[in-house]
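Down below is the structure, laid out as structure tokens.
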Amino acid sequence: MNYLYKDFLTLATDIKSFSLELFTFLVNVLHLQFLRFEGVKNIFVEVLYKQRGKMSKRLIHSGMAGLAAVGIAIAPVVAKEFPGRSVDPWNVSSPSAVLSASTDKPDTQTSFTDKRGEIVDYTVIEGDTVSSIAEKFGVSSDTIRWQNDITGDNIKVGQNLEIPPVTGMVHKVQKGDTVESIAKQYDASAQAIVDFPFNSFANDETFELAIGQTVYVPDGRKVETGFFAGPATPRARQSTPDAGTVVASGSFVWPTGGIISQYFSWYHPGVDIANNAMPNVVAADSGRIIWAGWDSTGYGNKIMIDHGNGMRTLYGHLSQFYVVVGQSVNRGDAIGRMGSTGRSTGPHLHFEVSRDGVRFNPLTILQ
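So the mapping is simple: our numbering equals the position in the sequence shown, first residue as 1, plus 361.
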């Protein structure tokens, strides 16, 4: 019995010794492998350290571009599915396109058929006159004369003419030019320059221009300069009746008083009424307020009224609201105050009228 006990103690001692030896062996092997790994790692780190910064900009830019791409891809889907949101982000207009009119129906009252944003080269053919070419391209005869430095109908077959995209002037930006100075130079509206959808800006918030870029000046005119030129006579501006004035042609009243600074066109589906005094704006007809808030597509503070029978009116760039959504208003009730919010160059009201979703010239019901 004593012999068996001694054999058991000997076996236990041997197992303990073996385990200690095995543990020591494994620790030494792992330590050796770790030292080898450290050596390789140090070499790799040294190489990277010597090349530090070489690819940093590319990595940062590509990373940011990837994040932006992912954000653009998923943001509309997230926005569309967000609880309580009724606007489809895919169908929201951009600021530069917000004032593009629909011409699906003839009552838009626009004669323009070629919506373009560049100068077209045209070769004169037999039978052409300046006026016939102007009619063909939807611009004024003077626009063609000014752009090509010609007088009267002095053109000939084979002559190449430059045709601007809109009635007015074409201006190449020089140092110190601003939207306001260009508008003044051509006796035009600064707001019209901003609203023309094919004009671009270095800064879309301040309407900063880049030297050398081409700017189209809608309804601009050439003002003679030089020693023999007389003083420029400002063009006549149409004044509106007082706000709330009823006209004989319909039940709508003038929404505010001032000077009409911009008329209805294919790129500007309303009329602008400017007034530095920023008077109140009234409802053109009775109806229900369906929008009274900020519009991020360029209108700024905007009010919309549903008058029934498919008729709606829009009042943009306001500085104050006097009404809320859901409120009923009577014709002539003050609904807000003129301002210069959103995509605007100065105090004015942008006024639109639509029937069954199609915007048409407000002056057809205001005068």
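All residues carry an ideal CB built from backbone N, CA and C; glycine is no exception.
* Close-in-space but distant-in-sequence residues of the same chain around residue 491 (CB under 6 Å, 5 per side omitted) -> 502, 505, 514
* Asked: Is residue 479 helix, strand or coil by DSSP?
  -> coil
* For residue 723, the residue or residues it bridges with in DSSP -> Note: residue 723 sits in no beta bridge, so no partner.
* Which residue from 577, 569, 481 puts its Cα closest to that of residue 549? -> 577
* Asked: For residue 425, which of helix, strand or coil comes out of DSSP?
  -> helix
* Pull up the DSSP beta-bridge partners for residue 525, would you. => Its beta-bridge partners do not exist; DSSP assigns none.
* To do: Look up residue 695 in the DSSP assignment and say whether it is helix, strand or coil.
  => strand
* In terms of DSSP beta bridges, what is residue 533 paired with? -> 575
* With DSSP as the reference, label residue 512 as helix, strand or coil. => coil
* Bridge partners of residue 569, per DSSP? -> 564
* To do: Could you name the residues of the same chain whose beta carbon sits closer than 7 Å to that of residue 635, not counting the 5 residues immediately before and after it, in chain order?
  => 619, 620, 622, 707, 708, 709
* To do: Mind checking which residues open and close the beta strand (DSSP E) that includes residue 556?
  => Unbroken run through residue 556 is the alpha helix (DSSP H), 551 to 556; no beta strand (DSSP E).
* residue 768 by DSSP, collapsed to three states: which one? -> As displayed, the chain neither begins before 362 nor continues past 728, which places residue 768 out of reach and without an answer.
* Take residue 499 as the anchor and find which of 627, 713, 641 has the nearest alpha-carbon. => 627
* Endpoints, beta strand (DSSP E) assigned at residue 653 -> 648 to 656
* Neighbourhood of residue 694 by C-beta, 7 Å cutoff - its chain only, sequence neighbours within 5 removed -> 643, 644
* Answer yes or no: do residue 668 and residue 646 have a C-beta to C-beta separation smaller than 8 Å? => yes
* Asked: Is the beta carbon of residue 661 sitting closer than 8 Å to the one on residue 705?
  -> yes
* The beta strand (DSSP E) enclosing residue 487, as first and last residue numbers -> No beta strand (DSSP E) contains residue 487, which DSSP labels as neither H nor E.
* Residues in its own chain within less than 7 Å of residue 560 by CB, not counting five upstream and five downstream? -> 554, 576, 577
* Return the chain-ordered list of same chain residues with a C-beta closer than 7 Å to the C-beta of residue 487, the five sequence neighbours on each side being excluded. => 518
* If you draw a straight line from the alpha carbon of residue 401 to that of residue 394, how long is it in whole angstroms? -> 11 Å
* Asked: According to the neighbour-count rule (16 or more other Cβ atoms, all chains shown, within 10 Å of its Cβ), is residue 715 buried or exposed?
  -> buried
* Under the rule that 16 or more other beta-carbon atoms within 10 Å means buried, what is residue 392, buried or exposed? -> exposed
* List in chain order: all unbroken beta strand (DSSP E) runs of 3+ residues lying wholly within the region 605 to 650. => 620 to 623, 632 to 635, 641 to 643
* Asked: In terms of residues, what are the limits of the alpha helix (DSSP H) holding residue 542?
  -> 540 to 546
* Determine the closest residue to residue 723 out of 540, 675, 696, 388, with distance taken between C-alpha atoms. => 675
* To do: Could you check the C-alpha separation between residue 471 and residue 720 for me, to the nearest Å?
  => The predicted model places residue 471 with a pLDDT of 38, which falls under 50 and marks its position as unreliable, so this point remains unresolved.
* Among 378, 523, 478, 688, nearest to residue 485 - alpha-carbon criterion -> 523
* **Run of the beta strand (DSSP E) containing residue 519, from where it starts to where it stops** => Taken as a continuous stretch (DSSP letters only), residue 519 belongs to no beta strand (DSSP E), as it is neither H nor E.
* Asked: Considering only the beta carbon of each residue, do residue 648 and residue 690 sit closer than 8 Å?
  -> yes
* Asked: Just how far apart, CA to CA, sit residue 657 and residue 493?
  -> 41 Å
* With DSSP collapsed to three states, give me the class of residue 681. => strand
* Buried/exposed call for residue 571, threshold 16 Cβ in 10 Å -> exposed
* Alpha-carbon to alpha-carbon, residue 663 and residue 684 -> 11 Å
* Could you give the distance in angstroms between the alpha-carbon of residue 631 and the alpha-carbon of residue 652? -> 18 Å
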